[in-house]
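In our numbering, the protein residues as written are 66 to 249. Have a look at the structure below, then the notes.
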């Protein structure tokens, strides 16, 4: 199955430097990524070979062989007009921004009504406990001690104009996933 997934992305087994977070959720979340969309902060391993790959010009993650197509800041999607994308996918990125509400507003701006915002992120408290328990290096880029599915759902409800169509509160040891569909 992994071999098929890598081939779908145009990779050969053994090309990844280490497993991406996206590799853990691809089978569950790829069905929400149809049409024209972006993978923000993909780190070399996009959710789909068809996704527009957006990351820093020199990403700090190195999880695959795919290069950056649009290099820049995921908080300012200046490449896209309002309401033009069918989906936005992001894995383990949103927790790195101090002002997640502003970032989410920008991401929703470029989505069409009916478009999907697909987020896969760590529950910060569970992630910290996992790092302590296993000795895994903690990611110092995380900005929120209380980052969680509940917090992101509350932020999106405050922004409005979305409905939740999929959520999974704890998967893959310390992560959660959420799909919010833009309704207006």
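Positions of the beta carbon are idealized from the N, C-alpha and C atoms, including for glycine. Treat the numbers as computed from the prediction; the structure is a model and nothing was measured.
Selection from the options that minimises the alpha carbon distance to residue i
{"i": "residue 206", "options": "137, 244 and 187", "result": "187"}
{"i": "residue 139", "options": "171, 115 and 84", "result": "171"}
{"i": "residue 100", "options": "121, 91 and 113", "result": "113"}
{"i": "residue 92", "options": "149, 106, 236 and 249", "result": "236"}
{"i": "residue 203", "options": "189, 213, 215 and 211", "result": "189"}
{"i": "residue 248", "options": "233, 96, 222 and 117", "result": "222"}
{"i": "residue 162", "options": "156, 209 and 95", "result": "209"}
Per-residue DSSP class, three states only, for residue i
{"i": "residue 185", "result": "strand"}
{"i": "residue 158", "result": "coil"}
{"i": "residue 142", "result": "coil"}
{"i": "residue 89", "result": "helix"}
{"i": "residue 247", "result": "strand"}
{"i": "residue 250", "result": "For residue 250 there is no data in the structure shown, the boundaries of the chain being 66 and 249."}
{"i": "residue 216", "result": "helix"}
{"i": "residue 74", "result": "Note that residue 74 scores 38 on pLDDT, short of 50, meaning its location in the model is unreliable; the coordinates nonetheless yield the value given after this. Of the three classes helix, strand and coil, the one that applies to residue 74 here is coil, per DSSP."}
Per DSSP, cross-strand counterpart(s) of residue i
{"i": "residue 118", "result": "104"}
{"i": "residue 242", "result": "185 and 233"}
{"i": "residue 153", "result": "103 and 182"}
Rounded separation between residue i and residue j - CA only
{"i": "residue 145", "j": "residue 193", "result": "35 angstroms"}
{"i": "residue 181", "j": "residue 198", "result": "35 angstroms"}
{"i": "residue 141", "j": "residue 84", "result": "27 angstroms"}
{"i": "residue 108", "j": "residue 119", "result": "9 angstroms"}
{"i": "residue 239", "j": "residue 195", "result": "7 angstroms"}
{"i": "residue 231", "j": "residue 90", "result": "13 angstroms"}
{"i": "residue 244", "j": "residue 200", "result": "31 angstroms"}
{"i": "residue 215", "j": "residue 116", "result": "27 angstroms"}
{"i": "residue 176", "j": "residue 166", "result": "16 angstroms"}
Whole-number beta carbon distance between residue j and residue i, since they are thought to touch under 8 angstroms
{"i": "residue 183", "j": "residue 154", "result": "4 angstroms"}
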